[in-house]
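Residue numbers 1463 to 1679, in my numbering, belong to the letters of the sequence shown in order.
Accompanying notes for the structure given below.
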Amino acid sequence: MEVHNLSKGQVVERMQGIGNPLLTGISALNKTTINEAVFLASLIRERFPSTHITLGGHLATFAHENILGKYSFIDSIVRGEGESTLVDLCEALNSHQDLNAVSGISFRNGANVVSNSSRKPIENLDSIPFPLRYNINDIRDARQYVVVSSSRGCQGGCSFCSLVGFNKKWRARSPVNLVDEIQELYEKGVRRISFEDENFLGHVEGGRDRALEFSRE
């Protein structure tokens, strides 16, 4: 939506070109995006009655019971880090399995909201494939920056920060893995990159050395 400046209606129109999606995932990161996400979800439900609509992100994680209790057109919430959880959710839906076996989600079961066990954070971030940036040419040509995440979490406990209730433990990608992604982007013409880490240095043992090794790499 941001790259192409699409309206919510245009998003739904593009979805029609897919056919009947098994699952639709929407980010609900904070207070400024939750209302937009919910409204988009309602439009998608009208057009695609059978698609499974799931929300993810910080605010969705924190307020999963309230969201599922208030909006009947939202089927589930992916809590915490979503890479593995979303895959398991897709596989469960595709094979018509019980969602009780998918850790890391909350979902509606009739009038009740069921919250499965939490999923542990991904320890080895190098194991996650690079993002499939299907619109990289559009981002490059619009001279927008590409988001890269080199680490996750923060050891701090600041009262104003959402990480206190999300994922505190700091984990980092290796410098070689990180620079490999940057090289791939550079070879595709990208010249603007934004690091979206919660804490790039980590303030833990090895964090400073990692940053220096990254700069050398």
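Cβ coordinates follow ideal geometry from the N, Cα and C atoms, glycine included.
Quick one: Cα of residue 1557 to Cα of residue 1530, how far?
23 Å
Within 10 angstroms of its Cβ, does residue 1665 collect 16 or more other Cβ (buried), or is it exposed?
The residue is exposed, with fewer than 16 neighbouring Cβ atoms inside 10 Å.
In terms of residue numbering, what span does the alpha helix (DSSP H) encompassing residue 1496 cover?
1493 to 1509
Bounding residues of the alpha helix (DSSP H) (the contiguous stretch that carries residue 1602):
1598 to 1603
From which residue to which residue does the beta strand (DSSP E) around residue 1569 run?
1567 to 1571
For residue 1663 and residue 1549, the rounded distance between their alpha carbons:
30 Å
Can you give me the C-alpha to C-alpha distance between residue 1502 and residue 1472, rounded to a whole angstrom?
11 Å
Boundaries (first-last residue) of the beta strand (DSSP E) holding residue 1486
1485 to 1489
Nearest to residue 1683 by alpha carbon, out of 1564, 1470, 1616, 1555?
Past the edges of the chain, shown from 1463 to 1679, lies residue 1683, and the structure says nothing about it.
Can you name, in chain order, every residue of its own chain whose Cβ lies under 6 Å from the Cβ of residue 1505, other than the five neighbours on each side?
1470, 1474
So residue 1572 and residue 1547 are supposed to be a Cβ contact under 8 Å. How far apart are they, rounded?
Their Cβ separation, rounded to whole angstroms, is 22 Å, which puts residue 1572 and residue 1547 out of contact at 8 Å.
Does the beta-carbon of residue 1497 have 16 or more other beta-carbons within 10 angstroms, so that it is buried, or is it exposed?
Burial is judged here by how many other beta carbons sit within 10 angstroms of a residue's own beta carbon; residue 1497 has fewer than 16 and is exposed.
Suppose the cutoff is 6 Å on Cβ atoms and the five residues either side in sequence are ignored; what does the same chain contact list for residue 1650 look like?
1598
Just the Cα atoms here: how many angstroms apart are residue 1514 and residue 1488?
11 Å
Can you name the start and end residues of the beta strand (DSSP E) that residue 1641 belongs to?
Where residue 1641 is concerned, there is no enclosing beta strand (DSSP E), although the alpha helix (DSSP H) it sits in stretches over 1637 to 1649.
Are the beta-carbon atoms of residue 1608 and residue 1654 separated by less than 8 Å?
yes
To the nearest angstrom, how far is the alpha carbon of residue 1648 from that of residue 1602?
Straight-line spacing of the CA atoms in residue 1648 and residue 1602 works out to 10 Å.
List the residues that DSSP assigns as beta-bridge partners of residue 1516.
1487, 1538
Beta-carbon proximity list for residue 1483, same chain, < 7 Å, skipping 5 on both sides
1477, 1510, 1513
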